[in-house]
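Visitor: In this text, residue positions in the sequence shown follow the numbering used here: the first is 2, and each later residue adds one. Beta carbons: idealized from backbone N, C-alpha and C, even for Gly.
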Amino acid sequence: MSGIFQTFNVAKLGMQVQQNAVNTTSHNVSNANTEGFSRQRVNLQTTQPFSYAGIGQFGTGVEVVSITRTRDEFLDAQIRFENAIDGRYKAGETALEQVEMVFLEPSDTGLNSVLDSFWNSWQELSKTPENSNAKTIVAQSAVTFCDAANHMDGQMETLKADLATLQASKIYDANILLDQINDMNDQIYRVKIKGLEPNDLMDRRDLLVDRLSSIIDIETSLTKDGSMEITNRETGGILLDSNPKEPAEYEMSAVQSVEYVEGDVDGEYHLTVARKGDASDTYTVKTNVADYVQGDVVFTDPEEDWDDGVVALTRPDLQEGALAGNFLSIEKIEAYQDKLDSLVNGIAKTVNKIHNPDRGEVGDDLSTMDFFSTMDGEDDFTAENISVNSEILNNVNLVQAG
2 MSGIFQTFNV AKLGMQVQQN AVNTTSHNVS NANTEGFSRQ RVNLQTTQPF SYAGIGQFGT
62 GVEVVSITRT RDEFLDAQIR FENAIDGRYK AGETALEQVE MVFLEPSDTG LNSVLDSFWN
122 SWQELSKTPE NSNAKTIVAQ SAVTFCDAAN HMDGQMETLK ADLATLQASK IYDANILLDQ
182 INDMNDQIYR VKIKGLEPND LMDRRDLLVD RLSSIIDIET SLTKDGSMEI TNRETGGILL
242 DSNPKEPAEY EMSAVQSVEY VEGDVDGEYH LTVARKGDAS DTYTVKTNVA DYVQGDVVFT
302 DPEEDWDDGV VALTRPDLQE GALAGNFLSI EKIEAYQDKL DSLVNGIAKT VNKIHNPDRG
362 EVGDDLSTMD FFSTMDGEDD FTAENISVNS EILNNVNLVQ AG
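(1) How big is the Cα-Cα spacing for L399 and K350?
(2) For Q124, does the three-state DSSP call read helix, strand or coil?
(3) What are the start and end residues of the beta strand (DSSP E) that includes R89?
(4) Distance, Cα to Cα, G268 vs P248?
(5) Within 7 Å: the Cβ of Y173 and any heavy atom of the ligand GTP?
(6) Give me the Cα-Cα distance between L319 and A313, rounded to the nearest whole angstrom.
(7) Just verifying my parser: in three-state terms, what is the DSSP assignment at S243?
(8) Is the distance from the Cβ of A85 to the Cβ of S214 below 8 Å?
(9) In whole angstroms, what separates the C-alpha of E385 from that of D218?
(10) For G57, which three-state DSSP category applies?
(11) Thinking V103 and M153 are a contact (beta carbons under 8 Å), I'd like their distance in whole angstroms, please.
(12) Could you check what DSSP says for K277 in three-state terms: helix, strand or coil?
(13) Answer yes or no: do Q141 and A255 have a C-beta to C-beta separation smaller than 8 Å?
(14) When DSSP labels each residue in this structure, what does Q181 get in the three-state scheme?
(15) From Q58 to P50, what distance separates their C-alpha atoms?
(16) Based on Cα-Cα distance, which residue from K13, N200 and E220 lies nearest to L76?
(17) Would you check if the distance between the CB atom of G264 and the CB atom of N176 is smaller than 8 Å?
(18) DSSP three-state call for N32: helix, strand or coil?
(19) Go through its chain and collect everything with a Cβ distance to G326's Cβ below 8 Å, but skip five positions before and after it.
(20) Distance, Cα to Cα, G4 vs T61?
(21) Short check: CB of D148 to CB of F38, under 8 Å?
(22) Express the C-alpha separation of N34 and D9 in angstroms, rounding to a whole number.
(23) Please report how far the alpha carbon of K171 lies from the alpha carbon of S118, in whole angstroms.
(24) Name the DSSP beta bridge partners of Q41, please?
(25) Who are the Cβ neighbours of P303 in its own chain at under 7 Å, not counting the five residues just before and after it?
(26) With DSSP as the reference, label S190 as helix, strand or coil.
(27) Measuring CA to CA, which of D308, E305 and R276 is closest to G296?
(28) Would S67 and E235 qualify as a contact pair, given that the criterion is a beta-carbon distance under 8 Å?
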């Protein structure tokens, strides 16, 4: 082809291609505030030239090769890793802010202030050992101390239960996201096999993956057909197969509670597990492994039969993501409880030793009874079980001051 018609054809192709470029630019501008949207680019190339003997080749214009996203997969991977770190810290921050409210330190109503009042009441009693009013103040300040310890322990138990519930909710959200990503994989595959670029679908999938990465630390890989496989970075376990029709290697579930049943041959530890984090779909799983605790994340085979209560559980060592942050927060709260128990036990036993130096030798002599007692009859004191001896509360003159 040559002549005026060729000239018009080159011009027509140029205008059509630039119109496509303008349309793409308009699409980019329209979605400037769309979450997860990636700027798209029109990739151009020259059309097939005409060859003339003795002259060479004449250009015939321009054509659109493809419309692709301007997105860097390396940066995506880095951002998702940082999302996981951020998710862990945010989860920990939220939980520890609640712990801070439990202890209320420094404040006029915190444990430190309560203990100061308790020690001061003994100091005042030492000045007038027979003063019943001073003994009443000692007993009352001791009750305040016990109530404060009981209340703190109860609040921390509630906080752990709330975190376990939140953990299940996060796992449920993660599984929903995985299902949505799997659906995106299927849609993207159907477009890809037609030789087209499903840019907007891939943006939606990447947005879902970004949200998932704040919950659990993940790695992604893409197949030639555009499907995505998702694995847990810490374990390498496949959470989403690149084939939308194939089940993943693992599904995530949440341990809501742990009960010890001594002598059960099927397993002495009875775990209440919310399958896939769904609080309405719980099962009792029996195991002899003592490591499981409330709030644990467990991986299971998606094709496992849960009805018989014997399910193979894998306990991943999660380090990043909101799931890791919540679980680490539960562990920290338990550590704070242990420290509080140690403090309470030390105070109670020291006071009892001074108040009743002949304990175990005098028998039922009420003049040498313990000042503190446990509500559950245990020998060791905890923040949960400490109380003032009921005999002393009924008769404050039994308080020994010297």
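Guide: Let me lay it out:
(1) For the pair L399 and K350, the Cα-to-Cα distance works out to about 18 Å.
(2) helix
(3) Here R89 belongs to no beta strand (DSSP E); instead the alpha helix (DSSP H) covers E74 to F104.
(4) 29 Å
(5) Absent from the structure shown: the ligand GTP. Ligands present: none.
(6) 18 Å
(7) Three-state DSSP puts S243 in coil, outside helix and strand.
(8) yes
(9) 36 Å
(10) The answer is strand: DSSP assigns G57 an E or B state.
(11) Indeed, because the Cβ distance is near 6 Å, the residues count as touching under 8 Å.
(12) If DSSP states are grouped into helix, strand and coil, K277 belongs with the helices.
(13) no
(14) Q181 falls in the helix class under three-state DSSP.
(15) Rounded to the nearest whole angstrom, the C-alpha separation of Q58 and P50 is 6 Å.
(16) E220
(17) no
(18) coil
(19) G88, R89, Y90, K91, A92, G93 and A96
(20) 12 Å
(21) no
(22) The sequence given here has Phe at residue 9, not Asp. One C-alpha to the other measures close to 39 Å.
(23) 43 Å
(24) R70
(25) P248, A249 and E252
(26) Rather than Ser, the amino acid found at residue 190 in this sequence is Tyr. It is helical.
(27) R276
(28) no
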